[in-house]
Amino acid sequence: MNREHMKCLRKKILCCFFFLLFFSFLFTGCSDMVEIEDRDFVQALGIAVSQGELKVSYGLPDVSALTGQPAMKGDKLFVSFSGKNFNDIEEQYGYNSEKKLDYNHLQAIIFEASAIQNPQYMKNVLLYIEENYDIARNTKAFVTTSLVEDVLKLDETMSGSVGDYLESYYKNNRSKHLKEECTIGDLITAMNNKDQVIHIPILTIQNKRFKVDGIGIFDGETCECKEYMSEEESKYLYLADGKVKEISVALADGYAIRINDVKTKYTYSLKNNIPYIHLDLNGEAKLVDYDVNVTNISDKSKRLNKTMIEKQVNNQIKNILNGYFKSYVKDKNIDFLNLYRESGIRSRTIWLRYRNNQKAFLEDADFNVGVKIDLDHNIFDK
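Start counting the sequence shown at 2; every next residue gets the next number (the working numbering).
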């Protein structure tokens, strides 16, 4: 076989290869496009426990809102199935639908209190999701004290879906740093770490609308939500956690302040052979709700006293946070600020002493807060 013939043969082989590759890609692409019509795109998952069984509700897209076309008769925005576990439920879904479940557009997983307070079912769900790579780990997670079906049914009164709404909500409020995000990956990580607590936002229904109102405290060791905090209560936790830059706080006498540029510093040490944790919290603040007449009256003795208000603010924050430590850590054994895990970064001596013994750490630890909030002096100089 001469050189010219070999050269010609190579060209033919290469042409055949690229020809086959092209048609393989072409037909595969067409196949995927056809399969889209045979899929149910889940945008929100609702997880509950009812009558001793796991109950999963699937929030599907509002096709009429997305396409502008009128909804077909019989179209449903959500369906629910119950079973022993997640695998059982997905099998039921397959029996009742010709379409395949598709989680590529999943935006939110909402846990009803009945599920997230049930360690057995909660662990089953998280283990299933951990092994199911179709569900993205950055999917947002929520807990609701309402019935999860009622939450998903709000799709019928909204344009779009629950998932769309929550995605937009966080996008629009992210700059305010007032709401903490939680993902399903965070809950899985806490479950595996066992000594980690996650703050999961509470989703409520008010006037047929959603509201993110407070947080649930999810304990990775027991795999359950142990406590709930209102939005007002959670503000102080956000302050201590250093996750907010600006926050409004109501004072006991009816005034309100907005704290800016919050800075936190934790110091770990051993005192009398027990862990001592000190939190320094600093920031600047302005009065945002006050009686203008009081600040402008001629009798200075009756005007607002800057030093007095600063003392009130500092004492209020300090007393509330110290109270949280006693209530959650000492009385309920809930490490609501992940103080034990933080010791691994702050103090190697403490970490080694209490290694693999979070319970003893929480029982022994002492906690104190120092607060210094400086008020803007402008309104006091008028």
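C-beta: ideal position from N, C-alpha, C; glycine also.
Non-local C-beta neighbours of L148 in its own chain, meaning closer than 8 Å and more than five positions away in sequence, comprise A49, E113, ordered along the chain.
Looking at the DSSP output, V80 sits in a beta bridge with Y59. With respect to the 8 Å criterion, Y104 and V43 are classified as neighbours on the basis of their beta carbons. In this structure the segment 112-129 lies against the segment 181-199, because at least three pairs of beta carbons, one per stretch, are closer than 8 Å. D41 and Q121 have their C-alpha atoms some 28 Å from each other.
Of the other Cβ atoms in all chains shown, fewer than 16 fall within 10 Å of the Cβ of I346; this residue is therefore exposed. Within the DSSP secondary-structure output, N334 pairs in no beta bridge. Y256 sits in coil when the DSSP states are folded into three classes, being neither helix nor strand.
Between the alpha carbons of A142 and L107 lies a gap of roughly 11 Å. Taken through DSSP and simplified to helix, strand or coil, R40 comes out as strand. Ranking M123, N339, V144 by CA distance to the CA of G215 puts V144 first. Following the DSSP letters along the chain, one finds K101 inside the beta strand (DSSP E) bounded by residues 101-103. Rounded to the nearest whole angstrom, the CA to CA distance from K154 to N316 is 44 Å. Nearest to T140 by alpha-carbon distance, out of V250, A45, G255, is A45.
Per DSSP, the continuous beta strand (DSSP E) segment holding T145 begins and ends at 141-145. Under the 10 Å beta carbon count, M230 is surrounded by 16 or more other beta carbons and is classified as buried. Annotation: the continuous beta strand (DSSP E) that includes N369 extends over 367-376. Within the model, the alpha-carbon separation for N358 versus I318 is close to 30 Å. For A191, no beta strand (DSSP E) encloses it; the enclosing alpha helix (DSSP H) starts and ends at 185-194. Assignment of A137 by DSSP, reduced to helix, strand and coil, places it in the coil class. In the three-state reduction of the DSSP assignment, G324 falls in the helix class. Under DSSP, F219 shares a beta bridge with I199, C226. Counting along the chain, the unbroken beta strand (DSSP E) around S249 starts and ends at 247-251.
About 5 Å separates the CB atoms of I110 and I185; that is less than 8 Å, so the two are in contact. L46: member of the beta strand (DSSP E) spanning 45-51, first to last residue.
When C-alpha distances from S51 are compared across G60, D187, Y59, S81, the shortest belongs to S81. In this structure K236 is buried. Its beta-carbon is surrounded by 16 or more other beta-carbon atoms within 10 angstroms.
Note that the C-beta distance between N88 and L55 is not below 8 Å. For the pair T268 and D262, the Cα-to-Cα distance works out to about 20 Å.
In this structure, DSSP gives S169 a helical state, which the three-state scheme calls helix. Approximately 36 Å separates the beta-carbon atoms of R342 and D151; this is outside 8 Å, ruling out the contact. If you look at E92, you'll find it in the alpha helix (DSSP H) that goes 87-97.
Per DSSP, the beta-bridge partners of D281 are K266, G371. Each of D242, L78, F362 was checked against the Cα of H200, and the nearest Cα belongs to D242. Collapsing the DSSP output to three states places L148 in coil.
Burial check for M309: the Cβ neighbour count within 10 Å stays below 16, so the residue is exposed.
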